[in-house]
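> Numbering-wise, this note's numbering puts 660 at position 40 of the sequence shown, and it's gapless, one number per residue.
Even glycine gets a Cβ: it sits at the ideal position worked out from N, Cα and C.
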Amino acid sequence: MKIKILGTAAAEGIPGIFCNCRICTHAREHGGKNIRTRSQSIINDKYLVDFPMDAYMHSLIHNINFHEIYHIIITHPHEDHFYPQDMEFRCPPYGHGNEERFLNVYGPGSIHQLFPNFPNDRNREYVKLHILKAFETYTVGDLQLTPMKALHARHFECFVYLIEHQGRKLLYGHDSGFFPQETMDYLKNHLVDCVLCDTTCGNNMDGSNHMGIRDVIQQREIMIEAGCADERTRFVLTHLSHNGGLTHAQLEQAAVEDGFLAAYDGFELEF
Ligand SMILES: [Zn+2]
Ligand SMILES: [Zn+2]
Ligand SMILES: [Zn+2]
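(1) So which of 759, 715, 780 has the shortest CA-CA distance to residue 830?
(2) Just grab the DSSP bridge partners of residue 727 for me.
(3) Mapping the DSSP letters down to three states, classify residue 746 as helix, strand or coil.
(4) Would you please state the rounded distance, in angstroms, between the beta carbons of residue 582 and residue 761? I believe it to be under 8 Å.
(5) In the DSSP assignment, what residue or residues form a beta bridge with residue 764?
(6) On the DSSP bridge list, what partners appear for residue 890?
(7) Between 637, 670, 639, which lies nearest to residue 627 when the distance is taken from Cα to Cα?
(8) Using the Cα positions of residue 836 and residue 818, report the straight-line distance between them to the nearest angstrom.
(9) Need the endpoints of the beta strand (DSSP E) that residue 858 sits in, please.
(10) Count the CB pairs spanning the region 799-810 and the region 846-862 that are closer than 8 Å, and state whether there are at least three.
(11) Where residue 630 and residue 742 are concerned, what is the direct C-alpha to C-alpha distance, given to the nearest angstrom?
(12) Can you list, in chain order, the residues of its chain whose CB lies under 7 Å from that of residue 677, leaving out five sequence neighbours each side?
(13) Run through DSSP, which three-state label would residue 769 get?
(14) Is it right to say residue 772 is buried, meaning 16 or more other beta carbons lie within 10 angstroms of its own, or is it exposed?
(15) May I ask whether a heavy atom of ligand 3 can be found less than 7 Å away from the beta carbon of residue 650?
(16) Just the Cα atoms here: how many angstroms apart are residue 777 and residue 825?
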């Protein structure tokens, strides 16, 4: 299983679109891995997870032809994870040659709740929305996909996902605070190979909506105790905010000290 993380920032990006704080100033001056765009990944070069407003830019930078993408898995409808306007450009006159296959979009019922007109009338022949139920397993192409409850945005449903391919297991763990008990109960039966961890809060702590590094350390202990992670499980820190107070070099140093991997835009891992 291969994952490439295309965007590793929280909602406002790093540097924050209008921000002049220490971390954003440092990011503008030093560029490189300090620049973080909004949250998105691609699995096995075929399956997108989330579709933020930076998706178009990701397609250009990483040379991904979205015409050839047929499955998009959405964690939750915050705009840094779900930006439906751009998906509506799949039909003519905006997009041509897409009539053969649907673009399948999978996610929680909150997508329909917040965007009742997605896909719009023009796009119903081009984009298909699949509303998923927590803790049911679905086949998506050659992946097995199980949505689980996240601890995030109380007024609508948000998912983290267990994604399986040929016996390999990825826990797509953001956006979320500490995983709810129901999610931990489900995960008990699964030793995962890789976990993407919400590290929005960086040096700070939260656990009720997002996590910081110390929360992730605690979450890892809970997972090891529950038998769903061991010393071989890779924990990847992603979804960073400037408010967490870390430059990329500082995140990397903390990751090395605590046995994590520090994500950056374009980070790849095979397992
Ligand atoms: Zn987010
Ligand atoms: Zn800032
Ligand atoms: Zn969110």
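So, from the listed chains and residues:
(1) Here the question's residue 830 lines up with position 210 in the sequence shown. Closest by alpha carbon: 780.
(2) In the sequence shown, residue 727 corresponds to position 107, counting from 1. Answer is 751.
(3) Stepping through the sequence shown from its first residue, residue 746 is reached at position 126. DSSP places residue 746 in coil when its eight states are reduced to three.
(4) The chain is shown only over 621 to 891; residue 582 falls outside these bounds and no answer can be derived.
(5) Here residue 764 refers to the residue found at position 144 of the sequence shown. Residue 764 pairs with 759, 784.
(6) Translated into positions along the sequence shown, residue 890 becomes position 270. In DSSP, residue 890 forms a bridge with 622.
(7) Sequence index remark: in the sequence shown, residue 627 carries index 7 (1-based). Comparing C-alpha distances from residue 627 to each of 637, 670, 639 shows the shortest one belongs to 670.
(8) For the purposes of this step, residue 836 is identified with residue 216 of the sequence shown, where counting begins at 1. For the purposes of this step, residue 818 is identified with residue 198 of the sequence shown, where counting begins at 1. Those two C-alpha atoms are separated by around 8 Å.
(9) Walking along the sequence shown from the start, residue 858 turns up at place 238. Element bounds for residue 858: 854-858.
(10) Three or more beta-carbon pairs drawn from the region 799-810 and the region 846-862 are found closer than 8 Å, and the two stretches are therefore classed as touching.
(11) As a first step, residue 630 must be located in the sequence shown, where it is residue number 10. As a first step, residue 742 must be located in the sequence shown, where it is residue number 122. The alpha-carbon atoms of residue 630 and residue 742 are separated by roughly 31 Å.
(12) As a first step, residue 677 is located in the sequence shown; it is residue number 57 there, counting from the start. Result list for residue 677: 657, in chain order.
(13) Position 149 of the sequence shown, counted from the start, is the residue given in the question as residue 769. Collapsing the DSSP output to three states places residue 769 in a strand.
(14) Sequence index remark: in the sequence shown, residue 772 carries index 152 (1-based). A buried status is given to residue 772, since no fewer than 16 other beta-carbon atoms sit within 10 Å of its beta-carbon.
(15) Taking the sequence shown and counting its residues from 1, one reaches residue 650 at position 30. For ligand 3, not one heavy atom lies less than 7 Å from the Cβ of residue 650.
(16) Residue numbering aside, residue 777 sits at position 157 when the sequence shown is read from its first letter. Residue numbering aside, residue 825 sits at position 205 when the sequence shown is read from its first letter. If you take the alpha carbons of residue 777 and residue 825, they lie about 23 Å apart.
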